[in-house]
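Contents: one structure, followed by commentary.
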Amino acid sequence: MKKTIKAALKGITTATAGFLKKRGIYVVALALISAAALSAVLTVKQPNGADPAQTDDPASEVNTDIGDRLTDAQLPIATPTPSPTATPTPMPDFTPAPPTPKPTAVQKLSPPVRGEVIWGFAVNELIYSRTLDQWTTHTGVDVAAPKGSEVYAVFAGTVTEIFTDDSLGVMVEVKGANDMIAVYGNLKAEPPVKVGARINAGDIVGYVGDTAVSECGDKSHVHFELLKDEKYVDPQSYVLFIKELEG
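Put into structure tokens, the structure is as follows:
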């Protein structure tokens, strides 16, 4: 068996040797051509003067390329944000406030006679009348004054009417400014003024009489009324009577 294997190997060796003897020149030629081609490829890929044995770093080439591109694109320059400037706190104003002006007191009118009010104003309530012995309204005030006393105009105006009232006797009506009307009653007959006469504050419009039938049981007095915008108002809100003068 061993002889058979040896004989086979010897046959193969003899055949290979014979082949190389006949075809060996072609094998050598092919090897030389392959070596020359490889040398040419390596020469083209290497830059002039570079060491063919040196291997380039791909990462370095990528970083260089990115840097060139960023430089060409002119990277934006970050602008520093200015720090906010602190606003100074304003100093409080210690200037004292001007004093609040006091309300101006309403200047009241002088009374028609110098006497006290003995019967007050009552249009929204009833008050007792000694003369009539009943509860009634009262559209003015009764101001005590001796019979025959002068009765003065409380403001300037025009005499618009002189008449005799069944209850309040002889009356003189004077119209002033701001739609104010003053009415003086319980006067003596034939007062010293005429309708249409222009009078000033303090002028005499009549004299205290006893012509008011509905008030004849009271002390001697002048009946005095005030109207504003054709409505009765309390004369004590506009006229300074004797109690207020003495107080």
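To convert, take the position in the sequence shown, counting from 1, and add 31; that gives the numbering used here.
Beta carbons: idealized from backbone N, C-alpha and C, even for Gly.
- Scanning its chain for C-beta atoms nearer than 7 Å, with the 5 sequence neighbours on each side dropped, one finds around Y215 the residues P143, V182, M202, V203, V236, G237, V253 and F255, in chain order.
- Residue nearest to L163 within the set K225, E192, G248 and D260 is G248 (criterion: CA-CA distance).
- Here S245 carries a helix assignment [DSSP, helix/strand/coil].
- For Q138, the three-state secondary structure derived from DSSP is coil.
- Linking S245 to A128 through their CA atoms gives a straight-line distance of about 58 Å.
- Pairing K259 with D265, the inter-Cα distance amounts to about 10 Å.
- Pairing I230 with T191 gives a Cβ-Cβ distance that is not under 9 Å.
- Apart from the 5 residues on each side of it in sequence, L157 sits with its Cβ closer than 8 Å to the Cβ of W166, T167 and T168 in its chain, given in chain order.
- In the DSSP annotation of this structure, the continuous segment of the beta strand (DSSP E) that includes Q165 starts and ends at Q165 to H169.
- Rounded to the nearest whole angstrom, the CA to CA distance from A184 to N209 is 16 Å.
- The beta carbon of K274 is closer than 6 Å to those of E147 in its chain, skipping five residues each way along the sequence.
- Taking L271 as the centre and dropping the five residues before and after it, the same chain places the C-beta of K139 closer than 6 Å to its C-beta, in chain order.
- Taken through DSSP and simplified to helix, strand or coil, S268 comes out as helix.
- DSSP places L258 in the uninterrupted beta strand (DSSP E) bounded by H252 to K259.
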